[in-house]
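Below is one structure, written out as structure tokens, with a few remarks after it.
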Amino acid sequence: MLAELSPALIAEVKLAAQLLASKQRICILTGAGISAESGIPTFRDKQTGLWENYGVEDLATPEAFTRDPKLVWSWYQWRRQMVADKAPNPAHHALAQWQYHAQTSDQQVTLITQNVDDLHEQAGSAVTHLHGHLWRNRCGQCEIPYQDQSRASYDNQGTMSFDKTLLNCPHCDGYIRPDIVWFGEALPVQAWQTAEEAAANCEVFISIGTSSLVYPAAGLAQLAKQNCAQVIEVNPDPTPNTIVDITLAEKAGVILPLLIEEITTL
Ligand code: OAD
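Just so you know, we're using the working numbering here: the sequence shown kicks off at -1 and counts up by one.
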């Protein structure tokens, strides 16, 4: 597989692997790009990105849910349907393998994600979710978790479908919403604290498959850099991240298996 990459990129992968193998505290931030090769659309990629085709302000704000709860709920049920049969790709598996390997070495590999899918968990990783969970619900009014999940059912062909009917909270009768952080909402306190601590204390920060446009998550790389960490970015396209020391400009599913193989055999 190395042979398919340019000599310059191979050199960068080896440089990154040497750096990573020599350090103990690693913080990884993933974004939608890591799940792209599993068939889940990103948010901002041209043509295919969700926010290229749908309005954020109509679907991912508390105001949108107050205005039209049915529209918002239906859209998230549609996303659940789209994600339900997706599986981790080689990038998710490589990170899980690295975390497993780190248990027997001196390394501490903290994985933070902006993604609401559970592909990191499916691959076997321990992961902190900054933007919530697609598969969890809570009441939009009293905030109590709603256990009945997403009301998936199967038709005769075995296809999973998701009921788009609005659900009401058994405690306060408010509408049930996905447990996802919308624009204008605060991040979960414990998750953010874990992320800030890991970024501030790491020796290498790796940004994978994120456009680095959405704060506060995008500020974690800067926090790491201020505390003298080296920053590695894995993304086939350029980002506004100007503090990157090593850029691995390829798909995560190509780079990460190679990188982790190098790290774990050095
Ligand atoms: P974006 O859609 O903004 O960015 C995805 C990034 O992944 C882009 O920079 C792509 O170049 C890159 N990419 C695409 N395919 C890739 C691949 N195979 N390997 C590596 N990188 C690839 O997604 P995020 O940065 O995750 O918020 O977006 C941040 C937040 O904005 C999301 O968490 C979401 C959204 O609104 C919530 O859901 C709350």
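Backbone N, C-alpha and C define an ideal beta-carbon position, used for all residues, glycine too.
- The continuous stretches of beta strand (DSSP E) do not include R42, and DSSP gives it neither H nor E.
- Its Cα nearest to that of K249, the residue P88 stands out among V242, R175, P88 and D115.
- Secondary-structure assignment with DSSP links C137 through a beta bridge to I174.
- Between N225 and A189, the C-beta gap is not smaller than 8 Å, which leaves the two residues out of contact.
- Residue range M158 to F160 is occupied by the beta strand (DSSP E) that includes F160.
- Separation of the CB atoms of Q75 and E201 is rounded to 42 Å, and the pair is thereby denied contact status at 8 Å.
- Distance from the CA of R175 to the CA of R136, rounded to the nearest whole angstrom, comes to 6 Å.
- Apart from sequence neighbours up to five positions away, the residues of its chain that approach E260 with a beta-carbon distance below 6 Å are A15, ordered along the chain.
- S205 is positioned such that its CB atom lies closer than 8 Å to that of E231.
- Distance check between A216 and each of I8, K12, I26 and L3 places I26 closest, using alpha-carbon atoms only.
- At a cut-off of 7 Å, the beta-carbon of V70 does not count as near the ligand OAD: no heavy atom of the ligand is closer than that.
- The closest CA to that of V212, considering only P238, N233 and C167, is found on P238.
- Remark: C-beta atoms of Y144 and L165 approach each other more closely than 8 Å.
- Here DSSP, grouped into helix, strand and coil, assigns S72 to helix.
- Annotation for L165: no alpha helix (DSSP H) segment contains it, and DSSP assigns it neither H nor E.
- Nearest C-alpha to M158 among Q45, G122, A82 and I142: A82.
- Distance from the CA of V54 to the CA of F41, rounded to the nearest whole angstrom, comes to 10 Å.
- For the pair H129 and D177, the CB atoms are not nearer than the 8 Å cut-off.
- Counting C-beta pairs with one atom in each stretch, the region 115 to 128 and the region 88 to 106 have three or more that are closer than 8 Å, which means they touch.
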